[in-house]
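Engineer: Residue numbers (UniProt numbering), protein chains in the order written: chain W, 1 to 222; chain H, 1 to 273; chain F, 1 to 298.
Supplied in structure tokens, the structure appears directly below.
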Amino acid sequence: MFDFLEDYDVWEAFWVTIQLTLYSAIGSLIWGTVLAAMRVSPVPVMRAFGTLYINTVRNTPLTVIIVATSLGLYQTMGIELGGGDSKEIGFRLAVLGLIAYHASFVCESLRSGINTVPVGQAEAARALGLNFLQVLTLIVLPQAFRSVVAPLANVLIALTKNTTVASAIGVSEAALLMKEMIEIESDVIFLVFAIFALGFVLLTLPVGMLLGWVSKRVAVKR
Amino acid sequence: MNKRQAGIAATALALALTATACGGGSGDSDELTIGIKFDQPGLGLKTPDGKYKGFDVDVAKYVAKELGYKNKDITFKEAPSADRENLLVNGDVDFIAATYSITPERKEKVDFAGPYLMAHQDLLVRKGDNSIDSEKDLNKSSLKLCSVTGSTSAQNVKKKFASKADLQEYGGYSECLTGLQNKAVDALTTDDSILAGFASQEEHQGKFKLTGLNLSDEPYGIGIKKGDTELQGKINKALKKMVKDGSWEKFAEKHFGPSGYEYGEAPKITETS
Amino acid sequence: MSDLTVLYDVPGPRARIRNWFYTALFLALLLLLGWWVLSAMAEKNQLTEDKWSPFITDSRVWTTYLLPGLLNTLKAAGLSIGIALPLGAVLGIARLSEHRWVSIPAGTVVEFFRAIPVLLMMVFANTLYAQFTTIESEVRPLYAVVTGLVLYNSSVIAEIVRSGILSLPLGQTDAAKAIGMRKWQTMVFVLLPQAVTAMLPALVSQLVVIVKDTALGGAMLGFGELLSQVREITANYGANTIATFTVVALLFVLLNFVLTSFANWLEARVRRGKKATGAVVHAGVTDTVEIEETPSKN
């Protein structure tokens with residue numbers, strides 16, 4: 001029943017999915033934090049940019065963003081991100097697109113985390129003479145991060161599933177392999193679906209549970 | 001458990017309520033639903049005035065006429081590649097004419113009539129680019145090929161004749177064409193019939209050309225429900241008549257002519273029972 | 001810390017000059033970036049008239065493709081929102097139940113449907129409906145899309161509702177008990193009204209997700225929503241992919257902007273009305289932000 005699987009490297013495809021998830025997660029965490037900093041910064045233009053960015057990116061379908069990296073950045077502007085062949089370039093572009101998109105969600109989670117930090121914390125920090133960046137990085141963000149582990153875990157889970165969009169620009173991850181198998185093994189479509197659904201459940205469930213546990217451990221009790 | 005059932009019940013109920021509002025539909029025997037592509041110029045295309053045109057469409061209409069249906073009784077339904085078998089198995093369409101190559105795997109689930117066109121995998125390059133003129137020119141890493149995600153053509157490139165070539169896959173042909181115009185890819189590869197359709201478009205005339213390499217055989221058949229030998233026989237008869245009375249040649253010239261695509265002769269009917 | 005000016009001192013003369021400098025630098029960078037993008041596009045002939053003009057001069061682009069697509073998107077999103085909101089609320093409350101035979105199944109359902117990609121659920125539903133029901137084939141893709149969206153989003157909404165209720169001070173429940181309210185009375189009259197305020201932002205972003213996720217039905221089920229019109233338009237107007245994607249993206253942004261603006265207006269009204277209850281409106285530890293899921297287009 002499963003002998004058709006011999007022609008396909010399902011592990012390889014899911015490995016690409018995992019890599020996409022990892023790189024994009026790290027990237028979105030960094031870029032999302034920078035965006036959050038911009039949105040609370042004293043410079044009005046940066047605040048405006050942050051707001052505009054979030055409102056545009058969050059309201060655009062991810063498929064459009066990913067395709068835009070390939071058609072716009074790569075084809076039109078010739079940005080290859082140091083990738084050699086189109087496989088590498090596509091992978092890096094997909095990571096970039098995923099970061100651009102998910103960073104806005106990280107930013108919004110972080111902002112709600114900043115809201116949970118008591119005002120006195122920042123006031124005390126300012127009384128000590130710390131400037132904006134110091135207040136943010138030394139006092140507010142560390143506390144904010146601890147309170148947003150659960151929402152960030154949700155972003156991560158969604159990110160894992162969203163990597164499937166990368167197939168729109170030909171990154172050979174799980175969803176692309178699934179499409180190939182549907183096209184060729186049209187007689188066992190249901191089985192193909194079941195295999196990939198199971199794969200994603202195995203990827204996302206443990207991460208969700210682990211981070212749920214972590215979020216309870218590190219939460220700041222107030 | 002109970003919550004989940006309640007949830008599904010609620011969903012079903014809500015959907016049932018909207019269903020009555022939508023109404024309409026097929027099912028009547030004096031109406032015919034045909035699956036075609038909506039996004040492939042030359043074969044099956046939904047035009048801005050809401051009509052459908054292309055070689056597949058004309059063939060489908062001819063067959064429908066021979067089966068005794070008038071033009072107004074025909075409903076065209078989009079048949080995306082991944083959904084074609086399901087449409088037939090579910091009985092959503094009566095038959096499918098949508099660049100549907102006859103393959104052994106597909107014949108596990110559906111039956112075919114025809115074939116009515118022998119397409120071959122080929123490459124579309126920019127006019128003036130003469131670097132590809134045989135299959136040997138394909139298998140090198142400097143060549144950037146483009147095709148559609150998960151398609152048989154992309155598979156062939158990877159597994160059969162150009163495993164070294166740099167293959168870029170996109171969700172649709174248009175993205176590949178943009179790449180070809182931007183010189184981000186060197187060639188778009190898929191069935192020559194599809195390529196010819198794009199190349200003959202007004203906006204693209206004089207910009208691209210087909211290399212004329214026959215990399216594979218893709219016999220386009222008309223997909224029907226498994227075991228419907230009566231319909232198979234009728235469609236085969238209609239197809240034979242279409243070739244005989246010159247309609248086939250007329251359709252092919254009309255849709256593929258401007259690109260200089262050599263569509264050859266109508267293939268012999270192979271799918272009989 | 002809703003008032004974020006608490007993060008920095010009121011700028012003095014020097015800080016103000018510094019801020020102006022940053023502003024100028026940042027604007028210059030943005031302008032440079034914009035100029036670079038446009039010139040690259042012009043160089044590759046992406047700004048030429050024939051690529052963009054169909055959207056202005058040819059009204060058929062709108063009447064044949066974009067508007068019907070938009071209508072389908074709205075239909076699927078509206079139905080999904082209408083069903084997923086109440087269903088999600090029920091699931092969320094069920095998960096908080098003190099009876100394990102209620103809370104455990106509800107929890108399982110939520111965790112399970114959150115873990116599977118929406119597209120898979122849609123395709124599965126489509127096949128299921130085809131084989132076991134008599135739903136007409138014209139509306140079946142819509143049903144399948146709505147089913148997939150409802151299953152996934154009601155579990156997400158359930159989590160939002162649950163964390164919204166958990167973020168309320170325990171004193172609220174205690175006080176309700178003290179005056180002799182039953183459990184359902186506590187939930188309906190005390191907890192839910194307050195929790196709604198706390199969870200509105202997260203709910204709104206989930207609604208936006210639903211709108212965008214309707215696009216999943218286009219590629220594999222042949223559901224004619226907005227994004228799937230890109231293929232048909234570019235096939236008719238000479239592969240003007242960049243222009244078409246831009247227009248469709250703008251439509252999505254506009255649609256979601258209207259949705260969020262409405263939600264914000266609603267939130268402002270709700271907050272004003274609820275001020276006297278002393279509800280904790282800080283989104284709180286468990287504030288949930290969820291995102292969409294959009295596998296590929298064919």
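Just so you know, even glycine gets a beta-carbon here, dropped at the ideal spot from N, CA and C.
In this text the structure is predicted, and so the values were computed from the model without any measurement.
In this structure, does DSSP put Arg126 of chain W in helix, strand or coil?
Structural biologist: Taking the first residue of the first sequence as position 1, residue 126 of chain W is located at position 126. Three-state result, Arg126 of chain W: helix.
Engineer: Measure the Cβ-Cβ separation of Ala168 of chain W and Val67 of chain W and say whether it is below 8 Å.
Structural biologist: Position 168 of the first sequence, counted from the start, is the residue given in the question as residue 168 of chain W. Position 67 of the first sequence, counted from the start, is the residue given in the question as residue 67 of chain W. Yes.
Engineer: Report the residue from H:Phe161, H:Tyr173, H:Gln181 whose alpha carbon sits nearest the alpha carbon of Lys207 of chain H.
Structural biologist: Residue numbering aside, residue 207 of chain H sits at position 207 when the second sequence is read from its first letter. Nearest C-alpha to Lys207 of chain H: H:Gln181.
Engineer: If I'm right that Leu149 of chain F touches Ser103 of chain F with Cβ under 8 Å, what's the distance once you round it to whole angstroms?
Structural biologist: One-based indexing of the third sequence puts residue 149 of chain F at position 149. One-based indexing of the third sequence puts residue 103 of chain F at position 103. In fact, because the Cβ distance is near 25 Å, the residues do not count as touching under 8 Å.
Engineer: Excluding the five sequence neighbours on either side, which residues of its own chain have a C-beta within less than 8 Å of the C-beta of residue 284 of chain H, listed in chain order?
Structural biologist: It is not possible to answer for residue 284 of chain H, since the shown part of chain H is limited to 1 through 273.
Engineer: To the nearest angstrom, how far is it from the Cα of Thr164 of chain W to the Cα of Thr17 of chain W?
Structural biologist: Taking the first sequence and counting its residues from 1, one reaches residue 164 of chain W at position 164. Taking the first sequence and counting its residues from 1, one reaches residue 17 of chain W at position 17. Near 8 Å, if we compare the C-alpha coordinates of Thr17 of chain W and Thr164 of chain W.
Engineer: Measuring CA to CA, which of H:Tyr263, H:Leu138, H:Gln205 is closest to Glu218 of chain H?
Structural biologist: Working through the second sequence from its first residue, we reach residue 218 of chain H at position 218. Checking every option, the nearest Cα to that of Glu218 of chain H belongs to H:Tyr263.
Engineer: Looking only at DSSP bridge pairs, what is Thr190 of chain H linked to?
Structural biologist: Residue mapping note: residue 190 of chain H aligns to position 190 of the second sequence, counting from 1. BP columns for Thr190 of chain H point to H:Asp122.
Engineer: Can you pull the chain W residues whose beta carbon is under 9 Å from the beta carbon of Glu175 of chain H, in chain order?
Structural biologist: Working through the second sequence from its first residue, we reach residue 175 of chain H at position 175. Neighbours of Glu175 of chain H on chain W, chain order: Val67, Ser70, Leu71, Gln75, Ala168, Ile169.
Engineer: Excluding the 5 residues preceding and the 5 following Pro54 of chain F in the sequence, name in chain order all residues of the same chain whose CB lies nearer than 6 Å to its CB.
Structural biologist: Residue 54 of chain F sits at position 54 when you count from the first residue of the third sequence. If we look at Pro54 of chain F and ignore the five residues flanking it on each side, its Cβ neighbours are Val61, Tyr237.
Engineer: Would the stretch 161 to 177 of chain H and the stretch 244 to 254 of chain H be scored as touching if the rule is three or more Cβ pairs under 8 Å?
Structural biologist: Touching, no, given that fewer than three Cβ pairs across the two stretches are closer than 8 Å.
Engineer: By Cβ distance, which residues of its chain are closer than 6 Å to Lys51 of chain F, with the 5 residues on each side in sequence left out?
Structural biologist: Taking the third sequence and counting its residues from 1, the one referred to as residue 51 of chain F is at position 51. If we look at Lys51 of chain F and ignore the five residues flanking it on each side, its Cβ neighbours are Asn240, Ala243.
Engineer: Any chance you could list the alpha helix (DSSP H) runs of at least 4 consecutive residues sitting entirely within the stretch 168 to 253 of chain F, in chain order?
Structural biologist: The stretch 168 to 253 of chain F contains these whole alpha helix (DSSP H) runs: 170 to 178, 192 to 213, 216 to 221, 229 to 236.
Engineer: Check each residue of the stretch 106 to 125 of chain F: if its Cβ is closer than 9 Å to any Cβ of chain W, include it; give the result in chain order.
Structural biologist: So the close ones are Glu111, Phe112, Arg114, Ala115, Ile116, Pro117, Val118, Leu119, Leu120, Met121, Val123, Phe124.
Engineer: What does Pro11 of chain F touch in chain W if you count any residue whose Cβ is under 9 Å from its own?
Structural biologist: By one-based count along the third sequence, residue 11 of chain F stands at place 11. Pro42, listed in chain order.
Engineer: Exposed or buried, Leu31 of chain W, counting other C-beta atoms within 10 Å across all chains shown (16 or more means buried)?
Structural biologist: Start at 1 with the first residue of the first sequence, and residue 31 of chain W comes out as number 31. The question names Leu, but residue 31 of chain W in the sequence shown is Trp. Trp31 of chain W is buried by the Cβ-count criterion.
Engineer: Assuming Lys161 of chain W is part of the beta strand (DSSP E), what are its boundary residues?
Structural biologist: By one-based count along the first sequence, residue 161 of chain W stands at place 161. First-last for Lys161 of chain W: 149 to 162, but that is the alpha helix (DSSP H), not the beta strand (DSSP E).
Engineer: Looking only at C-alpha atoms, which of F:Ala125, F:Leu168, F:Arg140, F:Ala130 sits nearest to Leu151 of chain F?
Structural biologist: Mapped onto the third sequence, residue 151 of chain F falls at position 151. Checking every option, the nearest Cα to that of Leu151 of chain F belongs to F:Ala125.
Engineer: Among the residues of its own chain, which have a CB less than 7 Å from the CB of Lys226 of chain H, if the five just before and after it don't count?
Structural biologist: Along the second sequence, read from residue 1 onward, the residue named residue 226 of chain H stands at position 226. Excluding residues within five positions, the ones whose Cβ falls inside 7 Å are Lys109, Val110, Asp111.
Engineer: Over the uninterrupted alpha helix (DSSP H) stretch that includes Leu210 of chain H, give me the two end residues.
Structural biologist: Position 210 of the second sequence holds residue 210 of chain H. It is not in any alpha helix (DSSP H) - Leu210 of chain H instead sits in the beta strand (DSSP E) that spans 208 to 210.
Engineer: Using a Cβ-Cβ cutoff of 7 Å, what residues of the stretch 48 to 62 of chain F are near chain H? List them in chain order.
Structural biologist: Flagged, chain order: Asp50, Asp58, Arg60, Val61.
Engineer: Counting only Cβ pairs nearer than 8 Å, list the residues of chain W close to Leu27 of chain F.
Structural biologist: By 1-based counting over the third sequence, the position of residue 27 of chain F is 27. Those are Val45, listed as they occur along chain W.
Engineer: What residues from chain W crowd round Thr23 of chain F, counting only those whose CB sits closer than 9 Å?
Structural biologist: As a working note, residue 23 of chain F is residue 23 in the third sequence. Val43, Pro44, Val45, Met46, listed in chain order.
Engineer: Do you know offhand how far Ala15 of chain F's Cα is from Thr116 of chain W's?
Structural biologist: Numbered from 1 along the third sequence, position 15 holds the residue referred to as residue 15 of chain F. Numbered from 1 along the first sequence, position 116 holds the residue referred to as residue 116 of chain W. Approximately 28 Å, taken between the alpha carbons.
Engineer: Would you say Leu123 of chain H lies against chain F (beta-carbon separation less than 8 Å)?
Structural biologist: Within the second sequence, the letter at position 123 stands for residue 123 of chain H. Cβ-Cβ to chain F under 8 Å: no for Leu123 of chain H.
Engineer: What does Phe262 of chain F touch in chain W if you count any residue whose Cβ is under 8 Å from its own?
Structural biologist: For the purposes of this step, residue 262 of chain F is identified with residue 262 of the third sequence, where counting begins at 1. Per Cβ cutoff of 8 Å: no residues; Phe262 of chain F is ~13 Å from chain W at best.
Engineer: Taking any Cβ of chain W, which residues in the stretch 80 to 110 of chain F have a Cβ under 8 Å from it, in chain order?
Structural biologist: Those would be none; no residue qualifies.
Engineer: With Pro219 of chain H as the anchor, note down where its beta strand (DSSP E) starts and where it stops.
Structural biologist: Taking the second sequence and counting its residues from 1, one reaches residue 219 of chain H at position 219. Counting along the chain, the beta strand (DSSP E) containing Pro219 of chain H begins and ends at 218 to 225.
Engineer: Taking Ala113 of chain H as the query, report the chain W residues whose CB atoms sit under 7 Å from its CB, ordered along the chain.
Structural biologist: The count along the second sequence starts at 1 and reaches residue 113 of chain H at position 113. Correct list: empty, because the minimum Cβ distance to chain W is about 18 Å.
Engineer: I want to verify the contact list: residues of chain F whose CB lies under 7 Å from the CB of Lys46 of chain H, in sequence order.
Structural biologist: As a working mapping, residue 46 of chain H is identified with position 46 in the second sequence. Ordered by position in chain F, the residues that pass the 7 Å Cβ test against Lys46 of chain H are Glu232.
Engineer: Got a sec: is the Cβ-Cβ distance from Leu192 of chain F to anything in chain H below 8 Å?
Structural biologist: What you label residue 192 of chain F is simply residue 192 of the third sequence in a count that begins at 1. So no, Leu192 of chain F is outside the interface.
Engineer: Please determine if the stretch 246 to 261 of chain F and the stretch 170 to 187 of chain F are in contact, where contact requires at least 3 C-beta pairs separated by less than 8 Å.
Structural biologist: Touching, no.
Engineer: Leaving out five residues on either side along the sequence, give the residues of the same chain with a beta carbon under 8 Å from the beta carbon of Ala219 of chain W.
Structural biologist: Position 219 of the first sequence, counting from 1, holds the residue named residue 219 of chain W. So the qualifying residues of the chain are Arg146, Ser147, Val149.
Engineer: Grab me the residues of Thr63 of chain W's own chain with a C-beta within less than 6 Å of its C-beta, minus the 5 sequence neighbours each way, in chain order.
Structural biologist: In the first sequence, residue 63 of chain W corresponds to position 63, counting from 1. The answer, listed in chain order, is Val165, Ala168.
Engineer: Does any residue of chain H have a CB that is nearer than 8 Å to the CB of Lys183 of chain F?
Structural biologist: Looking up residue 183 of chain F in the third sequence gives position 183. Closer than 8 Å: no.
Engineer: In three-state terms, what does DSSP make of Gly25 of chain H?
Structural biologist: Taking the second sequence and counting its residues from 1, one reaches residue 25 of chain H at position 25. Note on Gly25 of chain H: pLDDT 38, under 50, position unreliable in the model; the coordinate value appears next. Coil at Gly25 of chain H, not helix or strand.
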